[in-house]
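A short write-up of the structure that comes next.
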Amino acid sequence: MSPGILLKSKKESSLLSCKIRRPFPPAKVRIPYDDFSGPPAVPCVALGARVKVGETIALPSGGESLAIHSSVAGEVTGLGFFPHPLKGIASGVEITSDSRDSRLAEIGVERKGWEIFSAEDYLNLFRDAGLTDFKRENMPLHVKILKHRGIRTMVINACESDPYVSAAQALMMAHPLELLKGAEILRRAAEAERVMIATETDKMESAEILKSKIYFLKWKNFEVRIFPSLFPQDEPSLLIEQFRSKETEDSIAVFEPAAAFAAYEAVALQKPFYERVVTVGGECIVEPQNVWARIGADFEFLIKSARGLLRRPEKIIMGGAMRGMAQEHLAVPVIASTSAVLGLPPEIAKPGRVEPCIRCGECVAHCPVEISPVMITLAAERDLFETARDYGVERCIECGNCSYVCPSKRPMLELLRYASSRISKPDPEPAQFETQNSKTNVETAVTSSYGEK
Ligand code: SF4
Ligand code: SF4
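So the sequence shown is residues 3 to 455, counted in our numbering.
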């Protein structure tokens, strides 16, 4: 396996304070109710209804669905389709805040006996609190746990190898005990034997905090493992490889620290999911920081809460600089998988001039899944999709390493995604492909030219 890429960290500015800032509630939120894999939730509020923070606004429509909650107190002012950072547009509920921020009375009140509930009880609480796995596919947490019930090792993936994103690290430093208790809840729900917290060498401080808390709790089945801070160390399939030496793949499952923390809040503190930690960062942001962002708040509000823009960004990205999704405007809302909102300047985000391949082999040397990006992309340029398949395009995890190292600035990620999409959908409708391709263009623009090498 390739050792990965050592990227210059840009996290320091967002970690200047280990406090996670809590901005005033946004004036308006637009909360999607089908923002997870599985049947969409069904809105249970009408136009004009008054809601509190944490109140249910959409009910699960089946066993694999989720409840959705209001993130502000105020009035329901819209039911319809609104901008979405991954889908372009999605159905949701618009709530205009009354600025009072009053929340349901039970939120924050410790639930009796929460440490010893049954696995079934935990799963029901996760569904009713609207918890997901916090990944891009946004699978309901109870569904993911059912898929992995009985695993031996639960990995909490605190490797955050993108150069800008520090949301998980901030959470570990600010709330280590709550995070560990949440991981224990997940372990019990999944009936797993042990919990391994995976982190990286550039996060030794938070790793030591977690170790000392585990020692204090006397939890023998918890361990912190430290890996080199190389990109993409946080890719779950690569982490599983590293934990798998003596186990089969089926006995390991990877969960996000944000999911563990949200599980603790939902189970112990009766707090449904309506906010998450987001890194607002990048060279264009006046005060990069980690904030508690309400679900449905738009990116413009989030950027303003970090004192706005220092200069005009070339790109606004949701997620990391290497794999995030470029956004066309700032009206898109924070969703469960929004780990970061980055404002990147032209010297970072502008695509370089594309030159022909010089057969240097750098992309092959840095591919973490050991396929041949050069051969796949040369095949994709000629629409030879069977050849791309033979060279392993289906194993690509879209980490962007090949784009990053390519001295010719070839649009590797775009070509890899093009080949993958044509293999999975051999005859795409033209409009459908165009949309996907235009998105990958902006992403590749960022990943292919990011930072200094
Ligand atoms: S994007 Fe795909 S092909 Fe390129 S380095 Fe990553 S895994 Fe390998
Ligand atoms: S890194 Fe770029 S130039 Fe080098 S072999 Fe790969 S595609 Fe060709």
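We treat Cβ as the ideally placed atom computed from N, Cα and C, and that holds for glycine.
Closest Cα partner of residue i within the set the options
| i | options | result |
| --- | --- | --- |
| R52 | S39, L17, V95, R313 | V95 |
| E122 | L188, E180, M324 | L188 |
| E357 | L125, A295, P409 | P409 |
| A295 | T58, A43, S72 | S72 |
| E77 | A351, L68, T98 | T98 |
| P165 | E57, G322, G363 | G322 |
| G152 | A194, K183, A29 | A194 |
| V279 | M175, P85, V55, C398 | M175 |
| L127 | H144, P348, V371, R355 | H144 |
| L173 | Y266, A367, E285, I318 | Y266 |
| I360 | D300, V407, G345 | V407 |
| P238 | S422, F257, M324 | F257 |
| E372 | C20, R355, V395 | V395 |
| E400 | R384, S423, D385 | S423 |
| I109 | W221, L181, P274 | P274 |
| A338 | D36, P28, K149, L125 | D36 |
| N223 | E243, I211, Q244, L182 | L182 |
| S163 | R355, E330, L240 | L240 |
| P353 | V167, K411, F83, Q171 | K411 |
| A69 | L125, K213, K149 | L125 |
| D385 | Q244, A421, A260 | A421 |
| S11 | K89, K213, G283 | G283 |
Beta-carbon contacts of residue i that lie in its chain and below 6 Å, excluding the five residues immediately before and after
| i | result |
| --- | --- |
| P23 | Looking at the sequence provided, one finds Arg at residue 23 rather than Pro. Same-chain partners within the cutoff: Q291, V293. |
| I147 | A191, A192 |
| A185 | I158, V197, A262 |
| S15 | P290 |
| C286 | L311, L312, R313, P315, G345, P347 |
| K54 | A75, S104, R105, L106 |
| E225 | M198 |
| L9 | P165, F233 |
| L18 | none |
Beta bridge counterpart(s) of residue i as assigned by DSSP
| i | result |
| --- | --- |
| F457 | Outside the displayed range of the chain (3 to 455) lies residue 457, so it cannot be described from this structure. |
| F233 | I7 |
| D105 | With the sequence shown as reference, residue 105 is identified as Arg, and Asp is not the correct amino acid for it. V55. |
| R424 | DSSP lists no partner for R424. |
| M156 | V197, A255 |
| K137 | According to DSSP, which records beta bridges pairwise, K137 is partnered with nothing at all. |
| V44 | L61 |
| V78 | I97 |
| H71 | T58 |
| K30 | T98 |
| P142 | T134 |
Close-in-space but distant-in-sequence residues of the same chain around residue i (CB under 7 Å, 5 per side omitted)
| i | result |
| --- | --- |
| V44 | A60, L61, S63 |
| E112 | A270, L271 |
| P25 | V293, S307 |
| I228 | T201, E202, T203, A209 |
| Y452 | Caution applies to Y452, whose pLDDT of 37 falls short of 50 and renders its modelled position unreliable; the model cannot decide the point. |
| R102 | A75 |
| E277 | S73, W294, A295, R296, I297 |
Residue i beta carbon near ligand 4 (any heavy atom closer than 6 Å)
| i | result |
| --- | --- |
| C20 | Ligand 4 is not part of the structure shown, which contains ligand 1 and ligand 2 as its ligands. |
Neighbourhood of residue i by C-beta, 8 Å cutoff - its chain only, sequence neighbours within 5 removed
| i | result |
| --- | --- |
| L49 | V78, T79, G80, L81 |
| M141 | F38, S39, G40, T134, D135 |
| E436 | At E436, the pLDDT of 35 sits below 50, so the modelled position is not reliable and the matter cannot be decided from this model. |
| R154 | A194, E195, R196, E249, S253, I254 |
| G363 | V376 |
| E431 | Because E431 sits at a pLDDT of 48, beneath the cut-off of 50, its placement in the model cannot be relied upon, and the following sentence gives the value as read from the coordinates. There are no such residues. |
| L332 | D300, F301, E302, I305, I318 |
Chain D contact for residue i (CB, 7 Å cutoff)
| i | result |
| --- | --- |
| C365 | In the structure shown, chain D does not exist; there is a single protein chain. |
Which parts of the stretch 183-231 are runs of the beta strand (DSSP E), unbroken and 3 residues or longer, counting only runs that do not cross its ends?
-> 196-202, 224-229
Please list the segments of the beta strand (DSSP E) lying wholly inside the stretch 328-378, counting only runs of 3 or more residues, in order along the chain.
-> 342-346
In the stretch 266-315, which residue ranges form an unbroken alpha helix (DSSP H) of at least 4 residues, counting only runs that do not cross its ends?
-> 301-307
Ligand 2 site residues, beta-carbon cut 7 Å against heavy atoms | C359, I360, R361, C362, G363, E364, C365, V366, P375, V376, T379, C404, V407, C408, P409, S410, R412, M414
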